[in-house]
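Colleague: This structure is in structure tokens; I'll ask about it shortly.
Residue numbers (our numbering), protein chains in the order written: chain C, 1 to 810; chain B, 1001 to 1653.
Written out as structure tokens, the structure reads:
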């Protein structure tokens, strides 16, 4: 019973329940730490040191960031070719020392750091201690640059001392007030001792800080210099110094230069303590340096987490980083499924079309590495370049695979060439940038080229727009700190994603884009309307066997199957399956006055060449263009290469005789070949329409390209309604002939042929295309395993109910 | 229920399409977006730490883990930190080093792996001890490649330059630079040598190069060197920029500040900036005599005489040559017309220098002592400019304005005298009543020298002469803005205000001046006069009393006081004052007359008559006294006659 109940439940619901159970259990065991979801600023600090030693060894040292109570070193890299590096840690700081030869030229150091702002509350009643341990002596004594006992310093203190100078807060406030407001800040680069700062009345950070320290020490308050960097985005060479004062077992920071009293903001990075030089190097090496700072926002769940910590055993990002992935790559990996869900939703629910199904996700990932603007610009640039080269190579008649390969190569070369000219100051994750889906974009460019060649600008616009929206959506997901955190901390949410994907995959409803397409039918009879989801899931997947679909797509094989049941089809005058067979194939063509060349696996009329006559040795197509034999050969080559093939694989070209349209239809639509599409469900005829080419459809009987659709009454074979691009019409736009009330000749035969087609190729949901030859009468052009749904618009009613009942009846 | 049909229809449409899913998806997206934006302020995360009070707490040093403060010096191979310095010094002292010091060092026990380093340290020490010839003698026998390989090339070059062989030194430095283009010291020293050889272009190029390869104080030196060269090459603006940059790297160097100020002065930069720059140099080194002297001269040459005097007064006693100080002070006081101060300073100067005719001192003395004839000569064309100026000043004192004008014309473009000459010329015009010409010169000077406070004052006097007291007042404003109150400026202001009938304001000014200069009689007098004008006799009396205490024997003041007291009906006070006057001068006619009047006011007619008769004995023609006496007598006779009549009447009655 339970098993029955379970099996009756939809899979997505089962998964959803399971996910909920796991999530709640996880939440119970490891309560949610909201601070791990709050974004954190991370500073990327790069230090580039260059030197030209000429004839001497190189010795360089500097202070490197280290972790303490307010800053955390997350990761660092050190690139110093041909140099030895060692580190020394003491209470002054963490000193990195590089030693190299006269060939050494540079050191590139990079670190990722997070910091916290700190603020101290100093009680007003706190007295200045009268004595300290000997260890504090250095922080109370005079030095060459901190002239504590100089008469001028003492005189200054006499002038600015508060009325009661026994309280730390009062004394420090007076010192701070003076050094901050009475000593002007000027951009001195050299060392300024406290006396010079006092005498000049101006100083940079180090002078003001030294003066502050002199006054503090004069009042028996231990104080020291701290050096580091202000982490503002951009490049700089200026370091910074501020003060720390020992109060009640804490070293409390003061910044007289920028106005920080007992506090330090988050963008201050401490590198060393004491009156030190930030850089030390041996002489005569033309030493230079530069800091570059970039600020990013990260999810704390991806960083700071130690795998050994038991709480992090379920942190997926930590586990992935244990394999060597960077935090960024880990987050991408975890969020790919959510992006695929977004794409699924956009395609299956909204009906959005894109270039490639999951390609926008990869572009979005690349944009995450490069930044959205740069990423999109790069994407468009690469796309346009690929399109351009597609066009050029197409004119050179380069075959498909080679053409794609050439485009990828060209774009790679251009990218490398660009690096010579573009001065890239900041380090982008080039792993992503160089692999910026060049390959995939090249494929997209081919599709773009195809659409533009067909002048299908409308489709081109919507697909481009859909791609852009999807890319931005995926970028938004990858860039979301909240989602990064959630999926890292609770990877079971991927099961939730899976359950939603399954749900959407099981959903057969009408897409949002189809609401517009089928709006008249929808509002007339929503229940009977079949959309693409419904067609694919309820009809094609359920009732069309894959092998039969393959058979239907193979036109030659389908023709054979129908010929076996004496179903009239156009003759096959010749076929060519490989390049070896081209010559004999052309020899056949040369003897024919008129014919049609078709790709075996083509669709929507693509690749069909209609030759209506000869001019000497050359051939004239239906569009009036002259085709030489060599051009025909090229066309055949293209068919063989698979350009027109539905699956992209190599194909077979074959020739059929030119069908001369029956007079009854010729009088209505003199351009191109009209055909009759009949929809059958399990052999039972459901709906039929006549498709008539127009000038606007370039002679093709394709409704999306501008052919007229005319509804045929199944019982009588008489046309009942006609429409052109969704608009009801009564007369043909070119011939002006009335289209309603026309009796289709050979109608009963046509119906029988359609029914027999089901016998030949028993697809549960079948579309049969029939044409009327002048002399031979009705001929089946092809059968279709995924016939379109536009017939519903032509009839202005859905056929879902009829299909369901015919399929269920059989 | 037809109205429900559309709803039912819509709900069917709704349920068949993706709209419900879109709504759900939209809600989820909105939630994520809201969560994202709500949590997206990372900077609010501040760690608050409260330092709680715990007076009895002891400092746990271990917890803080404080270690040695001084950084241990890295073993960078720096010569000065060579371990065998002591050994070398001892060897040098004992003169045991032969021409082959390496052998000697080896013999002294320096290990092989330190031999090269120590060998270089030996020459370093020789140079430190200025044994340049020894260095030259020992190293000249070696070839350039040898010296370069050993590391002694630099010391060889340095020693050559110290012994005056500049070109040789340059050649050796060049060899060093060829081997290592980034050699800071060699580049710097080469630049300095070029500078000494006055090849400023080459020096400048080398200094510029040194700037690119040095840092810290060396960079500052290179920048300063480049600046000096620029000055020599006439690129003053560039020189200023370099000095400023040098200061950035070495802000505590007073010399650089002073050089910058000098250069700014040459370039006629803003006066205030130049003075501030000199001030910084002096602040860094209060004993910096050159800076003090240059500043005070600059101020004087730019007509900021009070500023120059202040600079000289504030200079520390031993920071400045006393003779220079007194001379400058004399000049300043002369410019201000403060003769007594000038006399004081020139006396001191004479005490220091004597009356040396080769100096300007005797000429200054003559001028200050008003011995103008000694500053008169027909051969004045050949006189040095400063002396010629004194001659011109003395001509002015003797009202020989034409002669003065001729002499001033000769030196009007002199770089250090031009401003003073112009001011003096303006003064001449003023004295000769050529007020417009005078004002033209004053205003021209003041446009470029707004700090010339005395020129503002002098020009205001010209406007006053022209009866344009409003303009005079405006002209005086900048002078009044001088930080230190100057008495004559305030008195002038009061005068102009009085002329403009702004009596109340004038009195305010005079009272303020009196507060500032309580001992100034002139101020008090002016104040009293002003008070009298507005009939504020009470205040006038007060100040007259003050004046009387200051100048107890000044009869005019006392008389004025007595008059005021009389007018105020303070008869007793008036009598006291008058008696005081009469004690000083018994035959003071007006005093006696006033005394008589006072007696009359007190109703003492007999006393009055007595006073009058005494007065008339002193001056029997004093009409006011005569009139009063007659009047009184007439009254007396009239009353007697009346009384007689009354008695007669009563008798008759």
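Glycine included, each C-beta is placed from N, C-alpha and C at the ideal position.
Could you work out which residues of chain B lie near residue 122 of chain C, taking near to mean beta carbons separated by less than 7 Å?
Modeller: 1051
Colleague: Just curious, the beta strand (DSSP E) that residue 692 of chain C is in, first and last residue?
Modeller: 684-692
Colleague: Anything in chain B within Cβ reach of residue 187 of chain C, meaning under 9 Å, just list it in chain order.
Modeller: 1248
Colleague: Going along chain C in order, which residues have a C-beta closer than 9 Å to the C-beta of residue 1046 of chain B?
Modeller: 116, 117, 118, 119, 263, 265, 266
Colleague: With DSSP as the reference, please indicate the residues paired to residue 1212 of chain B in a beta bridge.
Modeller: Its beta-bridge partners do not exist; DSSP assigns none.
Colleague: What are the residues in the segment 1165-1192 of chain B lying within 7 Å of chain C by C-beta distance?
Modeller: 1179, 1180, 1181, 1182, 1183, 1184
Colleague: Hey, how far is the Cα of residue 1215 of chain B from the Cα of residue 288 of chain C?
Modeller: 9 Å
Colleague: Measure the C-alpha to C-alpha separation of residue 142 of chain C and residue 149 of chain C and round it to an integer number of angstroms.
Modeller: 7 Å
Colleague: Please list, in chain order, the chain B residues whose beta carbon lies closer than 8 Å to that of residue 728 of chain C.
Modeller: Near residue 728 of chain C there are no residues of chain B at all, since even the closest Cβ is about 21 Å away, more than 8 Å.
Colleague: Tell me which residue opens and which closes the alpha helix (DSSP H) that residue 387 of chain C is part of.
Modeller: 372-395
Colleague: Within 10 angstroms of the Cβ of residue 244 of chain C, are there 16 or more other Cβ atoms? Answer buried if so, exposed if not.
Modeller: buried
Colleague: Suppose you measure from the CA of residue 642 of chain C to the CA of residue 550 of chain C; what does that come to, to the nearest Å?
Modeller: Looking at the two C-alpha atoms, the distance is approximately 16 Å.
Colleague: With DSSP collapsed to three states, give me the class of residue 696 of chain C.
Modeller: coil
Colleague: Between residue 1224 of chain B and the rest of its own chain, which residues show a CB-CB distance below 6 Å, the 5 nearest in sequence each way excluded?
Modeller: 1246, 1256
Colleague: Below 9 Å on C-beta distance, what does residue 193 of chain C contact in chain B?
Modeller: 1252
Colleague: Given this structure, state the Cα-to-Cα distance separating residue 677 of chain C from residue 37 of chain C, to the nearest angstrom.
Modeller: 57 Å
Colleague: Got a sec? Which residues, its chain only, sit under 7 Å from residue 1573 of chain B by beta carbon, not counting five neighbours each side?
Modeller: Contacts found: 1565.
Colleague: Touch check for the segment 1021-1032 of chain B and the segment 568-583 of chain C: three-plus C-beta pairs under 8 Å?
Modeller: Verdict: no, contact absent.
Colleague: Give the secondary structure of residue 727 of chain C by DSSP, where H, G and I count as helix, E and B as strand, and everything else as coil.
Modeller: In the structure shown, residue 727 of chain C sits in a strand (DSSP, three-state: E or B).
Colleague: Verify the CB distance criterion: does residue 811 of chain C have a CB-CB separation below 8 Å to chain B?
Modeller: It is not possible to answer for residue 811 of chain C, since the shown part of chain C is limited to 1 through 810.
Colleague: Return the residue from the list C/800, C/133, C/786 that minimises the CA-CA distance to residue 792 of chain C.
Modeller: C/800
Colleague: Which parts of the segment 331-357 of chain C are runs of the alpha helix (DSSP H), unbroken and 4 residues or longer, counting only runs that do not cross its ends?
Modeller: For the alpha helix (DSSP H) assignment, the segment 331-357 of chain C encloses no uninterrupted run of at least 4 residues.
Colleague: Spell out whether any CB of chain B is found under 8 Å from the CB atom of residue 426 of chain C.
Modeller: Only weak support is given to the placement of residue 426 of chain C: the predicted model assigns it a pLDDT of 45, under 50, and the value that follows is read from those uncertain coordinates. Not an interface residue.
Colleague: On the three-state DSSP scale, how would you describe residue 1258 of chain B?
Modeller: helix
Colleague: How far does the alpha helix (DSSP H) with residue 793 of chain C in it reach, from first residue to last?
Modeller: Here the alpha helix (DSSP H) through residue 793 of chain C covers 790-795.
Colleague: Between residue 240 of chain C and residue 229 of chain C, is the Cβ-Cβ spacing less than 8 Å?
Modeller: yes
Colleague: By Cβ distance below 8 Å, which residues in the same chain neighbour residue 685 of chain C in space, the five residues on each side in sequence not counted?
Modeller: Short of 8 Å from the beta carbon of residue 685 of chain C, and not among the five residues preceding or following it, lie these beta carbons of its own chain, in chain order: 678, 679, 714, 751, 754, 755.
Colleague: Looking at chain B, which residues of the segment 242-256 of chain C have a Cβ within less than 9 Å of any of its Cβ atoms?
Modeller: 246, 247, 248, 249, 250, 251, 252
Colleague: Near residue 1444 of chain B, which residues of its chain fall below 8 Å by C-beta distance, leaving aside the five closest residues on each side in sequence?
Modeller: 1422
Colleague: Does the structure place the segment 1256-1265 of chain B close enough to the segment 1278-1285 of chain B that three or more beta carbon pairs sit under 8 Å?
Modeller: They touch, by the three-pair rule.
Colleague: Counting contacts by CB-CB distance shorter than 8 Å, is residue 323 of chain C in contact with chain B?
Modeller: no
Colleague: Note down the Cα distance separating residue 1460 of chain B from residue 1451 of chain B, rounded to an integer number of angstroms.
Modeller: 15 Å
Colleague: If you reduce the DSSP assignment to three classes, tell me which class residue 610 of chain C lands in.
Modeller: In this structure, residue 610 of chain C counts as strand in the three-state DSSP scheme.
Colleague: Cutting at 6 Å between CB atoms, please list the residues of its own chain near residue 1397 of chain B, excluding the five before and the five after it.
Modeller: 1372, listed in sequence order.
Colleague: What are the boundary residues of the beta strand (DSSP E) that residue 212 of chain C is part of?
Modeller: Looking at the DSSP string, residue 212 of chain C is not in any beta strand (DSSP E); the run it does join, the alpha helix (DSSP H), is 205-218.
Colleague: Are the C-beta of residue 1008 of chain B and some C-beta of chain C separated by less than 8 Å?
Modeller: Taking Cβ atoms only, chain C never reaches closer than 8 Å to residue 1008 of chain B, which makes this a no.
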